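J.: Numbering (our numbering), first residue to last: 159 to 274.
For glycine and all other residues, C-beta sits at the position ideal for the given N, C-alpha and C.
Fair warning: this is a prediction, and the values are worked out from it, not measured in the lab.
Attaching a single structure in structure tokens format; questions to follow.
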């Protein structure tokens with residue numbers, strides 16, 4: 159799979175808990191979970207404390223539309239975009255997840271009121 163990611167334009171970096179597929183400004187952490195793979199993209203780091211309600215509502219709304227291969231979630235102080243893949247579709251899902259984050263990342267920053 160690492161060769162296929164490289165051929166798709168990703169730089170592959172080995173890590174302890176996962177390996178990373180990097181393309182442009184997007185860094186996808188790929189780790190094994192059961193029979194599948196978890197693809198996790200950090201989207202934005204949040205200010206300390208509870209996430210803003212308008213952000214939680216926006217992400218809930220985006221997740222309910224089922225557009226894109228994954229879902230947004232908040233863990234600690236970071237918004238992540240995650241999806242589950244099988245080995246045979248991981249490269250395709252990496253490309254789709256990257257496009258989704260590149261499209262919606264600026265919208266999330268706008269919801270947070272961050273300058274772009």
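Whose C-beta lies closer than 6 Å to the C-beta of residue 209 among residues of the same chain, with five residues either side of it excluded?
T.: 232
J.: List the endpoints of the continuous beta strand (DSSP E) containing residue 272.
T.: Unbroken run through residue 272: none, as it is neither H nor E.
J.: Please confirm whether residue 249 and residue 163 have their CB atoms less than 7 Å apart.
T.: With a cutoff of 7 Å on beta-carbon distance, residue 249 and residue 163 are scored as near each other.
J.: Quick one: grab the DSSP three-state call for residue 187.
T.: strand
J.: Quick check: the Cα distance between residue 259 and residue 201, rounded to an integer number of angstroms?
T.: 7 Å
J.: Could you tell me whether the region 209-228 touches the region 261-271, where touching means 3 or more Cβ pairs closer than 8 Å?
T.: yes
J.: According to DSSP, is residue 203 helix, strand or coil?
T.: strand
J.: CB residue 199 to CB residue 186, shorter than 7 Å?
T.: yes
J.: With residue 235 and residue 265 assumed to form a contact (beta carbons below 8 Å), what rounded beta-carbon distance in angstroms separates them?
T.: 19 Å between Cβ atoms; not a contact.
J.: Comparing C-alpha positions only, which one of 262, 240, 261 sits nearest to residue 282?
T.: One cannot answer for residue 282 here, as it falls past the ends of the chain, which runs 159 to 274.
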